[in-house]
Amino acid sequence: MNPESAVALVTGGATRVGKAISLALAARKAAVAIHYRSSDREAREVAELITQSGGQVHCFQADLTDPAQIDSLVPSVIDQFGKLNVLINSASVYVQGGLETTTRADWEQNMTVHAWVPFRLSQMMIAALGDAPGKVININDTKLVKPNRFAYGVSKASLAAITRTLAAAVGPNVQVNQVALGAILPPSGLAEDRVAAIARTVPAQRWGHPDDVTSAIINLIESDYISAETIHIDGGSNGTLG
Ligand SMILES: NC(=O)c1ccc[n+]([C@@H]2O[C@H](COP(=O)([O-])OP(=O)(O)OC[C@H]3O[C@@H](n4cnc5c(N)ncnc54)[C@H](OP(=O)(O)O)[C@@H]3O)[C@@H](O)[C@H]2O)c1
33 MNPESAVALV TGGATRVGKA ISLALAARKA AVAIHYRSSD REAREVAELI TQSGGQVHCF
93 QADLTDPAQI DSLVPSVIDQ FGKLNVLINS ASVYVQGGLE TTTRADWEQN MTVHAWVPFR
153 LSQMMIAALG DAPGKVININ DTKLVKPNRF AYGVSKASLA AITRTLAAAV GPNVQVNQVA
213 LGAILPPSGL AEDRVAAIAR TVPAQRWGHP DDVTSAIINL IESDYISAET IHIDGGSNGT
273 LG
């Protein structure tokens, strides 16, 4: 698919990695639907940058733990743009919970945001596509090869299963892939010595850059013959985790 013919929905598209994806898609002349939950100001700022450079963009607010708001997102994007053919599932929650501390609420939130939502939005986009071409790209975590958190890790492992199951279920015009990120952007507030210590654990000996992620996503949109694939963007970390 030529990115110029894409209408792309980016969940969590207003901040951090999602923001970089929104901007990179707009730079390749895709129309961008920026989804956000609470980052209203950030979403408007990203939209303004895209508008100023001549791009097409709209923002869509939805709490992706609310079933009604999940189900209204794809129809809202299609109402606005006339179609939706690229879905980037990036919205995420990062729960630290271990064996003793993981709660049912953590479990439900993570399984909803990382598993049900990417599936449900894909299901709705694919139904609306008919025979038209489409792409689903799930943003996963390289630690899915060896989950180290319960609600987060198990839900991201579920996302990997969804990626492959969906890729097998769709028609020939839809490709479904995932990118599995390592250390790209540190969580806000992480101490500098921890940031440096994490870099030392990466075979590449440094953090990645959002451009590493966006270039892989553009390649996946452009390819009509890659599906059910995982691209680890992690400086080689998946080789040391497995
Ligand atoms: N950053 C990294 O180095 C790294 C490493 C490994 C994997 N990843 C993966 O890459 C993706 C992006 O990472 P990130 O660090 O940029 O993400 P992030 O900052 O943790 O979260 C991205 C967005 O998710 C949205 N979100 C969270 N809960 C939501 C809900 N209930 N409903 C709707 N939206 C919700 C938030 O939107 P609002 O701000 O609008 O509320 C937030 O801006 C994630 O899937 C993450 O797992 C990132």
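In terms of our numbering, the sequence shown has 132 at position 100, counting the first letter as 1, and numbering is strictly consecutive. The beta carbon of each residue, even a glycine, is placed where N, CA and C say it ideally should be.
Could you pull the start and end residues of the beta strand (DSSP E) that residue i belongs to?
{"i": "residue 40", "result": "39 to 42"}
{"i": "residue 160", "result": "Careful: residue 160 lies outside any beta strand (DSSP E), inside the alpha helix (DSSP H) at 149 to 161."}
{"i": "residue 168", "result": "166 to 173"}
{"i": "residue 83", "result": "Not the beta strand (DSSP E): residue 83 falls in the alpha helix (DSSP H), residues 72 to 84."}
{"i": "residue 212", "result": "206 to 213"}
CB of residue i to nearest heavy atom of ligand 1: below 8 Å?
{"i": "residue 188", "result": "yes"}
{"i": "residue 267", "result": "no"}
{"i": "residue 172", "result": "yes"}
{"i": "residue 69", "result": "yes"}
{"i": "residue 75", "result": "yes"}
{"i": "residue 81", "result": "no"}
Measure the C-alpha to C-alpha separation of residue i and residue j and round it to an integer number of angstroms.
{"i": "residue 253", "j": "residue 53", "result": "12 Å"}
{"i": "residue 143", "j": "residue 219", "result": "21 Å"}
{"i": "residue 134", "j": "residue 159", "result": "35 Å"}
{"i": "residue 156", "j": "residue 118", "result": "12 Å"}
{"i": "residue 262", "j": "residue 206", "result": "16 Å"}
{"i": "residue 123", "j": "residue 228", "result": "26 Å"}
If we call anything under 9 Å between Cβ atoms a contact, is residue i one with residue j?
{"i": "residue 203", "j": "residue 120", "result": "no"}
{"i": "residue 111", "j": "residue 127", "result": "no"}
{"i": "residue 151", "j": "residue 217", "result": "no"}
{"i": "residue 62", "j": "residue 36", "result": "yes"}
{"i": "residue 230", "j": "residue 239", "result": "yes"}
{"i": "residue 241", "j": "residue 188", "result": "no"}
{"i": "residue 248", "j": "residue 208", "result": "no"}
{"i": "residue 153", "j": "residue 41", "result": "yes"}
Could you spell out where the alpha helix (DSSP H) holding residue i opens and where it closes?
{"i": "residue 186", "result": "183 to 201"}
{"i": "residue 57", "result": "48 to 59"}
{"i": "residue 270", "result": "269 to 273"}
{"i": "residue 106", "result": "99 to 113"}
{"i": "residue 252", "result": "242 to 254"}
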